[in-house]
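Per the working numbering: the first sequence = residues 35 to 691. What follows is a single structure, written as structure tokens, with notes after it.
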Amino acid sequence: MEQITISLPDGSQRSYDQGATTGDVAASIGSRLAKAAVAGVVNGAEWDLGRPLPNGASVSIVTADSDDGRHVLRHSTAHVMAQAVTQLFPGAKFSIGPAIEDGFYYDFDLPDGRTFNEGDLQTIEARMRELMKADQPFVRAEVPAAEALTLFADQPYKLEIIERVSGGAADGSDVAEIQAGDTISVYRNTPEFFDLCKGPHVPSTGRLGHFKLMKVAGAYWRGNEKGPMLQRIYGTAWESKAALEEHLHRLEEAEKRDHRKLAVELDLLSFPHELGGGLAVWHPKGAIVRKLMEDYSRERHENGGYQFVFTPHLANANLFHTSGHLEWYAEGMYPPMEMDNGTYYMKPMNCPMHCLIYRSRQRSYRELPLRLYELGTVYRYERAGTLHGLMRIRGFTQDDSHIFCTEEQAPEEIASLLDFVLSVLRAFGFDDFEAMLSTRDPDKSVGTDEGWEAATIALEQALVRHGLPYTVDQGGAAFYGPKIDIKVRDAIGRKWQLSTIQYDFNLKERFELEYVGADNARHRPIMLHRALFGSVERFFGVLLEHYAGAFPTWMAPLQARVLPVAEAHQQYAHAVEARLRNEGFRVDVVEASDQLGKRIRAAKLDKIPYVLVVGDNDVSANTLGVNPRGGDVERDVPLDMFVANLRAEVDQQLAVS
RNA sequence: GCCGGGUUAGCUCAGAUGGCAGAGCACUUCACUUGUAAUGAAGAUGUCGCGAGUUCGAUUCUCGCACCCGGCUCCA
């Protein structure tokens, strides 16, 4: 029999009988690997374990615990779910079922507009487990596209997909005429159940099983809001029971950190029904944290060469005609208010007003870069279904800067801007950053080719100079200019997009911004938008989740609470309070009406950094029992020493990096 | 805006076929005077989200609305 030769990732070569599969390779390398193998990569493309290998192929094995392997088993689990649904709900149409981060989903269209409910999920899950127990093979077949149309005749969504993926548009982006010779791959589990799919899949359903169906949701077919709405079932799937449990545990942890929950528990802010959706009121404890954030931001901007401005919340419609917002962004704005001298709108952005400040008088190159800064509150009409705590809100405050500079200054300005942004984010406890560079969408952009190119290069060079890891979102820029978005990773690994640095080729033209150069001629400045927190409210929400409510001492609503052991120690407790307050710390006393243990517990639940217990010994020695958040109790600490340590801790937290 | 699920005391949540609405915590009072995460007793607490309809009677059923939750879409 003829032999085929395979190169393995370690560079070695092996020979196999004709017809050998990726699975045989895995088995020959080691049984442990064979057990964990779910797919292969052959000549750079994904490959099923059961597919015969071409001669001379270069093969690597994908194991279930790798990212690629999880992707395969999640997608296979989605197929099993589709099979279960078609069995349980005859007549169900199914559309797509991809693997996603942590899991998978599949979209269905049930007969007679039936929808899934929670109970259905359990039924489906049970059926899926039966199908997995049956250990059905995933059998790949290549069929001519025309034949596939017959095979999926009663699956309209599949037909549409076949029409799109055949004819060479492999990513399915375009509808193409089906040509003779186009083939479609199909994976079959049983004579009755098969699904359109490019693969690969695990060899058989018995390899699956560590999964859980999570939720039902509506989802538009092909993401088109005007199109039909399908029923989507989300699930999570993992290579082992331990990995699944760990994932579910992570979700629980994330839920405990939910800023909306913590905001209530810690009495920080609320969203009263009477106020309307997406609008918050800040309670004293939330307000003090916010004030500290804003004060810190102001201080840094003051030191960073920014000039502070204030602008109103309302503006005449003319302003937004000039800026173009009414033409481009009207659906994001609140309805107009007719007043005696014209039509007014709540401002959705601060930029136009900052442009007005810029052009309030003639500008010289000598005053550039001009950096305007405002904590500017804007109002945007967010659709009702999109509101989400502080993360998506209808009135919010941007820490908004607009920087006007010359073209020559721009690269340096952007580089130092990036420094500034990262330095401030570090002060708030983030140190894991990544960036995204969004470039021009040629179909939807203003400005010149040269302008876009220079701007994109300036942004990219700043990123490179920083050594900041970044991805490029090709064509992802807004029409008015390229941008850098900064994402941070929080304490439990979630990514949040916060800061943004954007060029604006639009407003400087619309407002005809100018400066007089050294050559005594008029020039257009470069205009940059920059938000650092993004929205103060959202940033607060992210911080709240990042710290799980335990704000670092410098920004904790209360930094210490003094608890007298008994009434006899009350006077001393108040003396300690007065001392700390004089030193500029936020502190209170809870007198001895409740048991000490109960008062300590309450303070701990409030996540106060230091609980200070004072009793007989302390009164005579001027000391404290110090119970730090997340640390061990220390008795008989001299008050002076505690004050010094507290000061040092706060200073250290705010040390600029 | 769309699909699905919700809204009961300050909080977390029970509850009834349509017949005076419950618990724990929190709160108030009293007793206890406490040394590092829940002392005991007593008490008060509700337009059962809002508005219509059906009904002898609606917190419960129906409809509309508001708000919330999970997605989708959107976020120049």
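The beta-carbon is built from N, C-alpha and C at its ideal position, and this holds for glycine as well.
DSSP beta-bridge partners of Met383: Residue pairing of Met383 in beta bridges, as defined by DSSP: absent, with no partner found.
Please look up how many angstroms separate the CB atoms of Asn656 and Asp670, rounded, as I've assumed it's under 8 Å. The pair is not a contact, with the Cβ atoms about 10 Å apart (cut-off 8 Å).
I'd like the list of long-range same chain contacts for Ser94, defined as Cβ closer than 6 Å, with 5 residues on each side in sequence excluded. Excluding the 5 residues flanking it on each side, Ser94 has same chain C-beta neighbours closer than 6 Å at Pro43 and Val75, in chain order.
Could you compute how far the alpha carbon of Glu189 sits from the alpha carbon of Ser110? Before going on, a small fix: residue 189 reads as Gln here, not Glu. Gln189 and Ser110 have their alpha carbons spaced roughly 19 Å apart.
Inter-residue Cα distance where the pair is Leu688 and Ser472: Near 32 Å, if we compare the C-alpha coordinates of Ser472 and Leu688.
Applying the 10 Å Cβ sphere with the 16-neighbour rule, what's the burial state of Leu566? Label assigned to Leu566: buried.
Taking a contact to mean a Cβ-Cβ separation below 7 Å, would you say Asp141 touches Arg266 in this structure? In terms of Cβ geometry, Asp141 and Arg266 form a close pair [threshold 7 Å].
Taking the alpha-carbon of Ile322 as reference, which of Asp301, Ala349 and Gly257 has the nearest alpha-carbon? Among Asp301, Ala349 and Gly257, the Cα nearest to that of Ile322 belongs to Asp301.
Is Ser207 buried or exposed, if buried means 16 or more other CB atoms sit within 10 Å of its CB? Note that Ser207 scores 41 on pLDDT, short of 50, meaning its location in the model is unreliable and no value can be drawn from it.
Residue environment, Pro237, which counts as buried when at least 16 other CB atoms sit within 10 Å: Only buried fits Pro237, as 16 or more other CB atoms lie within 10 angstroms of its CB.
Taking only runs of the beta strand (DSSP E) that begin and end inside the region 113-201, which ones reach a length of at least 3 residues, in chain order? Counting only runs of 3 or more, we get 137-143 and 173-178.
Cβ neighbour criterion (16 or more within 10 Å) applied to Leu577: With 16 or more Cβ atoms within 10 Å of its Cβ, Leu577 is classed as buried.
Unbroken beta strand (DSSP E) run spanning Trp530, endpoints: Unbroken beta strand (DSSP E) run through Trp530: Lys529 to Tyr537.
Residues that DSSP places opposite His563 in a beta bridge: In the DSSP output, where bridge partners are listed per residue, His563 has His436 and Gln536.
Rounding to the nearest angstrom, what Cα-Cα distance links His359 and Asp553 in this structure? Straight-line Cα distance between these residues: approximately 34 Å.
Residues in the same chain with beta-carbon distance under 8 Å from Lys290, minus the five sequence neighbours each way, listed in chain order, please. By the criterion of a C-beta distance shorter than 8 Å, Lys290 is surrounded in its chain by Ala582, once the five residues flanking it on both sides are discounted.
Under the DSSP definition of a beta bridge, which residues are partnered with Tyr50? Ile38, per the DSSP bridge assignment.
Residues of its chain near Ala54, where Cβ-Cβ distance is below 8 Å and the 5 sequence neighbours each way are ignored: For Ala54, the CB contacts under 8 Å within the same chain, skipping 5 residues up- and downstream, are Ile38, Ile40, Pro86 and Leu87 in chain order.
Under DSSP, the alpha helix (DSSP H) around Ala351 begins and ends at which residues? If you look at Ala351, you'll find it in the alpha helix (DSSP H) that goes Ala351 to Ser357.
Determine the DSSP secondary structure at Asp650, reduced to helix, strand or coil. Helix, per DSSP.
With burial defined as no fewer than 16 other Cβ atoms inside 10 Å of the residue's Cβ, what is the status of Arg400: buried or exposed? Flag for Arg400 reads exposed.
So, with DSSP's three-state summary, where would you put Asp208? Only weak support exists for where Asp208 lies, its pLDDT of 44 falling under 50; the coordinates are left without a value.
So which of Ala496, Gln629 and Ala607 has the shortest CA-CA distance to Val623? Nearest option by C-alpha distance: Ala607.
Using a threshold of 7 Å, state whether the C-beta atoms of Ile700 and Ala126 are closer than that. Coverage of the chain is limited to positions 35 through 691, which leaves residue 700 absent and any answer about it impossible.
Taking only the alpha-carbon atoms, compute the straight-line gap between Ala351 and Gly366 and give it to the nearest angstrom. Taking the straight line joining both Cα atoms gives about 14 Å.
Rounding to the nearest angstrom, what Cα-Cα distance links Leu673 and Lys641 in this structure? One alpha carbon belongs to Leu673, the other to Lys641, and they sit about 22 Å apart.
Three-way DSSP call (helix, strand, coil) for Asp475 in this model: DSSP, reduced to helix, strand and coil, places Asp475 outside both helices and strands of the structure shown, so it counts as coil.
Within the region 302-371, ranges of the beta strand (DSSP E) (whole runs, at least 3 residues): Runs found: 348-350.
Using a Cβ-Cβ cut-off of 8 Å (strictly less than) and excluding sequence neighbours within five positions of His603, which residues of its own chain qualify? Non-local C-beta neighbours of His603 in its own chain, meaning closer than 8 Å and more than five positions away in sequence, comprise Ala626, Val648, Gly649, Asp650, Asp652 and Val653, ordered along the chain.
Taking the beta strand (DSSP E) that Thr56 falls in, what are its first and last residues? Taken as a continuous stretch (DSSP letters only), Thr56 belongs to no beta strand (DSSP E), being part of the alpha helix (DSSP H) at Thr56 to Ile63.
Reference Phe128; option with closest CA among Leu597, Tyr254, Asp666 and Ile448: Ranking Leu597, Tyr254, Asp666 and Ile448 by CA distance to the CA of Phe128 puts Tyr254 first.
By how many angstroms is the C-alpha of Pro386 removed from the C-alpha of Arg620? Taking the straight line from one Cα to the other gives about 39 Å.
Counting C-beta neighbours from all protein chains within 10 Å, is the total for Asp382 16 or more, i.e. buried, or is it exposed? Looking at the sequence shown, residue 382 is not Asp but Pro. Residue environment for Pro382: buried (at least 16 other C-beta atoms within 10 angstroms of its C-beta).
Counting along the chain, where does the beta strand (DSSP E) carrying Thr505 start and finish? Counting along the chain, the beta strand (DSSP E) containing Thr505 begins and ends at Tyr504 to Asp507.
Is the region 240-253 touching the region 173-189 in the sense that three or more CB pairs, one from each, lie closer than 8 Å? Contact between the region 173-189 and the region 240-253 is absent: fewer than three C-beta pairs spanning the two stretches fall below 8 Å.
Is DSSP giving Lys542 helix, strand or coil here? Helix at Lys542.
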